[in-house]
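Okay, structure first, notes after.
Protein chains: 2
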Amino acid sequence: MTQNYDVAGLGNAIVDVIASTDDQFLLEHNIAKGVMSLIDHYRAQQLLQVLPGGRELAGGSAANTMAGLASFGGRGVFMGKVRDDRLGQSFARGLEAMGIDFPTRRASAGPQTACCLIAVTPDGQRSMNTYLGACRELREEDIDEAAIAASTVLYVEGYLWDEPAAKAAIEKAMRIAKGNGRKVAFTLSDPFCVERWRSEFIALLKDQIDILFANEAEAMALFETEDFDGVFQSLRSFPGIAALTRSERGCVVAAGQEVHVLDAHKVPRVLDTTGAGDQFAAGFLFGYARGRPLPDCGRLGTLAASEVITHYGARPEKSLRALAMAAELL
Amino acid sequence: MTQNYDVAGLGNAIVDVIASTDDQFLLEHNIAKGVMSLIDHYRAQQLLQVLPGGRELAGGSAANTMAGLASFGGRGVFMGKVRDDRLGQSFARGLEAMGIDFPTRRASAGPQTACCLIAVTPDGQRSMNTYLGACRELREEDIDEAAIAASTVLYVEGYLWDEPAAKAAIEKAMRIAKGNGRKVAFTLSDPFCVERWRSEFIALLKDQIDILFANEAEAMALFETEDFDGVFQSLRSFPGIAALTRSERGCVVAAGQEVHVLDAHKVPRVLDTTGAGDQFAAGFLFGYARGRPLPDCGRLGTLAASEVITHYGARPEKSLRALAMAAELL
Numbered sequence: 234m235t236q237n238y239d240v241a242g243l244g245n246a247i248v249d250v251i252a253s254t255d256d257q258f259l260l261e262h263n264i265a266k267g268v269m270s271l272i273d274h275y276r277a278q279q280l281l282q283v284l285p286g287g288r289e290l291a292g293g294s295a296a297n298t299m300a301g302l303a304s305f306g307g308r309g310v311f312m313g314k315v316r317d318d319r320l321g322q323s324f325a326r327g328l329e330a331m332g333i334d335f336p337t338r339r340a341s342a343g344p345q346t347a348c349c350l351i352a353v354t355p356d357g358q359r360s361m362n363t364y365l366g367a368c369r370e371l372r373e374e375d376i377d378e379a380a381i382a383a384s385t386v387l388y389v390e391g392y393l394w395d396e397p398a399a400k401a402a403i404e405k406a407m408r409i410a411k412g413n414g415r416k417v418a419f420t421l422s423d424p425f426c427v428e429r430w431r432s433e434f435i436a437l438l439k440d441q442i443d444i445l446f447a448n449e450a451e452a453m454a455l456f457e458t459e460d461f462d463g464v465f466q467s468l469r470s471f472p473g474i475a476a477l478t479r480s481e482r483g484c485v486v487a488a489g490q491e492v493h494v495l496d497a498h499k500v501p502r503v504l505d506t507t508g509a510g511d512q513f514a515a516g517f518l519f520g521y522a523r524g525r526p527l528p529d530c531g532r533l534g535t536l537a538a539s540e541v542i543t544h545y546g547a548r549p550e551k552s553l554r555a556l557a558m559a560a561e562l563l
Numbered sequence: 234m235t236q237n238y239d240v241a242g243l244g245n246a247i248v249d250v251i252a253s254t255d256d257q258f259l260l261e262h263n264i265a266k267g268v269m270s271l272i273d274h275y276r277a278q279q280l281l282q283v284l285p286g287g288r289e290l291a292g293g294s295a296a297n298t299m300a301g302l303a304s305f306g307g308r309g310v311f312m313g314k315v316r317d318d319r320l321g322q323s324f325a326r327g328l329e330a331m332g333i334d335f336p337t338r339r340a341s342a343g344p345q346t347a348c349c350l351i352a353v354t355p356d357g358q359r360s361m362n363t364y365l366g367a368c369r370e371l372r373e374e375d376i377d378e379a380a381i382a383a384s385t386v387l388y389v390e391g392y393l394w395d396e397p398a399a400k401a402a403i404e405k406a407m408r409i410a411k412g413n414g415r416k417v418a419f420t421l422s423d424p425f426c427v428e429r430w431r432s433e434f435i436a437l438l439k440d441q442i443d444i445l446f447a448n449e450a451e452a453m454a455l456f457e458t459e460d461f462d463g464v465f466q467s468l469r470s471f472p473g474i475a476a477l478t479r480s481e482r483g484c485v486v487a488a489g490q491e492v493h494v495l496d497a498h499k500v501p502r503v504l505d506t507t508g509a510g511d512q513f514a515a516g517f518l519f520g521y522a523r524g525r526p527l528p529d530c531g532r533l534g535t536l537a538a539s540e541v542i543t544h545y546g547a548r549p550e551k552s553l554r555a556l557a558m559a560a561e562l563l
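Sequence lines, in order, name chains A and B. The first sequence runs 234 to 563 under our numbering. The second sequence runs 234 to 563 under our numbering.
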């Protein structure tokens with residue numbers, strides 16, 4: 234007997250290793266400041282050895298969203314590839330501790346578990362080096378048909394759309410969701426990701442996606458427009474739901490002729506915007522899976538995003554369920 | 234033979250008298266800081282005598298909009314009541330200098346020309362004392378039928394909706410516009426104004442208004458809702474065009490199922506937001522009268538608003554036409 238889930242997440246399984254450093258450390262180790270760079274196995278090993286006393290946290294975009302879903306009291310299952318190494322166990326424990334099922338078989342050979350080495354300098358900037366490792370090995374056999382069939386929504390991160398085998402896995406997951414009358418949600422993840430796969434993403438949008446998540450930069454890259462209204466008009470012909478996040482401007486949720494313009498929750502001080510999009514998706518999907526009207530889905534999203542930007546790290550520290558109840562959204 | 238106009242404006246004819254003072258001056262003369270207070274003739278005379286070397290500028294909300302229209306190269310005619318006194322002549326000269334026709338007969342008796350005495354303290358705050366005087370005498374015979382019949386749009390400021398005779402004048406003006414196949418635009422002007430006349434404004438919205446201008450506070454007061462999306466949903470059943478300004482969040486323009494979400498133009502520094510709404514209306518109405526699509530009308534509006542908030546005073550200092558051409562909007 235399979236449990237029912239609100240959301241099945243499909244994404245890169247990454248362990249974040251966060252350490253405080255100074256600018257001199259970045260210079261010495263040739264780390265580009267304030268951006269995300271992809272690195273290989275050797276460079277990852279080298280940086281892991283020199284990074285001073287890093288804190289490990291299960292991370293990755295869709296996995297962060299599942300953490301937010303759990304914080305709302307939602308039930309989630311996550312699929313993503315790790316190896317049977319120390320970081321892979323750390324990732325699995327992180328999800329399990331939050332009550333998120335993680336049925337994906339750990340690889341017993343091949344690349345190590347992915348990690349994102351994050352150096353935080355005193356000015357608050359985050360310099361990220363990501364080794365994708367085992368993430369890139371995700372393939373069709375990792376897709377858990379029963380889990381997807383039992384989930385109200387399948388949520389896929391666009392970052393995954395880079396390897397042919399991972400694409401086949403995503404397509405299989407979407408077929409299963411559709412075949413079981415479930416909804417498919419997709420996040421564009423990153424403007425560079427959109428640049429690489431624009432025409433394929435647009436094809437997915439036509440045929441496969443029921444709920445699209447994008448921020449302004451990603452959506453402008455997708456439609457090659459220069460302002461938000463251009464994006465918004467392009468998306469109005471999309472038959473599904475578009476949830477467009479706009480940082481301090483809140484979000485716009487459009488479903489055909491139904492349009493909602495929702496303001497951001499006010500926060501006293503923004504500390505670190507990492508994870509804002511992931512947590513927006515968590516709130517929105519929790520509301521959607523629980524049958525809430527679209528404006529409330531958007532408000533749950535902006536509420537979750539407002540929590541995560543007031544502290545370092547991409548996962549909620551407070552109970553999102555408690556915050557949502559205080560805001561009379563649950 | 235009557236000239237054709239883009240816009241006929243109907244509003245309070247007020248001369249702004251602006252002076253730099255210190256806080257001690259406000260205390261000595263019992264002026265409430267940072268707000269607009271309505272004052273009577275005696276108090277106005279008293280303050281005019283003590284206000285140190287004030288600069289006079291033709292003002293008033295709809296008149297400011299006409300000034301913006303002229304700066305775009307639009308043709309305007311303004312109706313509003315002044316007396317045949319020094320300030321009345323100053324007001325008329327101000328409009329004429331911009332090429333705006335001002336056919337309203339100057340009163341030869343009754344209250345003096347309206348003035349708004351503005352004390353600007355070193356902290357940049359504006360403490361305003363408005364004497365409405367002759368403004369309140371506007372009546373049906375001041376409505377120039379030929380001018381309205383020759384204008385693409387009649388634009389009325391909500392501030393006028395306070396005296397029975399002025400209401401009759403507005404109703405006459407709207408009848409003339411409708412009877413000649415012209416459009417009627419209306420601005421809510423002020424949340425307090427909306428509180429006083431909510432049900433009458435809602436009735437106007439149903440029957441008379443083709444284009445509604447409102448900022449968030451005014452629209453929330455009208456529909457008694459607590460967030461922007463509530464306003465936006467209320468206005469979606471309005472059969473005309475709603476142009477909703479949102480300060481740094483730009484504006485939303487909705488006409489039935491057509492919705493545009495337009496960002497504010499970025500400005501290096503906001504100095505004084507007085508006149509932002511008036512200039513937004515100027516840009517929007519200029520675009521509308523010239524047959525531009527709605528998103529361009531909105532963009533012309535936010536462009537004009539962005540100019541006026543970078544300096545003191547409610548009228549443009551730069552040529553809005555030149556700015557619009559530089560922004561490729563004309």
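The beta-carbon is built from N, C-alpha and C at its ideal position, and this holds for glycine as well.
Enumerate in chain order the residues of its own chain whose CB-to-CB distance from residue i is below 6 Å, with the five nearest sequence positions on each side excluded.
i	result
B:V389	L243, I403, F419
B:S467	F456
B:V485	L477, V494
A:A538	A509, Q512, F513
A:V315	A246, G321, F324, R339, T346, A367
B:M299	G242, G309, F311, I333
B:K551	E540
Which residues in chain A sit within 7 Å of residue i, going by Cβ to Cβ distance?
i	result
B:D460	D496
B:P528	D462
B:R482	R482
Which of the three DSSP states is assigned to residue i in this structure?
i	result
A:A342	coil
B:M568	Residue numbering for chain B in the displayed model covers 234 to 563; residue 568 of chain B lies beyond these limits and cannot be assessed.
B:A252	strand
A:Y364	strand
B:F419	strand
B:L563	coil
A:N413	coil
A:L350	strand
B:D334	strand
B:R525	coil
A:R548	coil
B:R226	Residue 226 of chain B lies beyond the range of chain B shown here (234 to 563); nothing can be said about it.
A:F502	The sequence given here has Arg at residue 502 of chain A, not Phe. Here A:R502 sits in coil by DSSP.
Can you confirm whether residue i, when its beta carbon is compared against all beta carbons of chain C, has any partner nearer than 8 Å?
i	result
B:H544	Protein chains A and B are contained in the structure displayed, whereas chain C is not.
Quick one: list the residues of chain B neighbouring residue i, beta-carbon separation under 8 Å, in chain order.
i	result
A:Q490	Q490
Any idea if residue i is buried or exposed, counting beta-carbon neighbours within 10 angstroms, 16 or more meaning buried?
i	result
B:F446	buried
A:M234	With a pLDDT of 40 at A:M234, under the threshold of 50, the modelled position of that residue is not reliable, and the figure given next carries that caveat. The residue is exposed, with fewer than 16 neighbouring Cβ atoms inside 10 Å.
B:Q279	exposed
B:E449	buried
A:S422	buried
A:Y392	buried
B:N297	buried
A:M407	buried
Can you pull the chain B neighbours of residue i, defined as C-beta to C-beta under 7 Å?
i	result
A:V485	V494
Output, in chain order, the set of chain B residues within a Cβ distance shorter than 9 Å of residue i.
i	result
A:F465	V492, H493, V494
For residue i, collect the residues of the same chain with a Cβ closer than 7 Å to its Cβ; drop the 5 residues on either side in sequence, then sort them by chain order.
i	result
A:A454	P424, V427, E428
B:L562	D529, R532, L533, L536
Identify the residues that DSSP records as bridge partners of residue i: which are they?
i	result
B:G242	B:F311, B:Y388
B:D288	Note that residue 288 of chain B corresponds to Arg in the displayed sequence, not to Asp. In DSSP, B:R288 forms a bridge with B:I251.
B:E491	B:A488
B:N448	B:T478
A:R316	A:A340
A:R359	A:V353
Would you mind telling me which residues of chain A sit closer than 9 Å to residue i, beta carbon to beta carbon, in chain order?
i	result
B:R525	Within 9 Å Cβ-Cβ: nothing; B:R525 doesn't reach chain A, min ~14 Å.
Go through its chain and collect everything with a Cβ distance to residue i's Cβ below 8 Å, but skip five positions before and after it.
i	result
B:R502	T543
B:P528	V486, H493, L495
B:T254	L284, P285, A352, V353, T354
B:C348	I247, V248, D249, V250, A277, L281, L320, T363, Y364, G366
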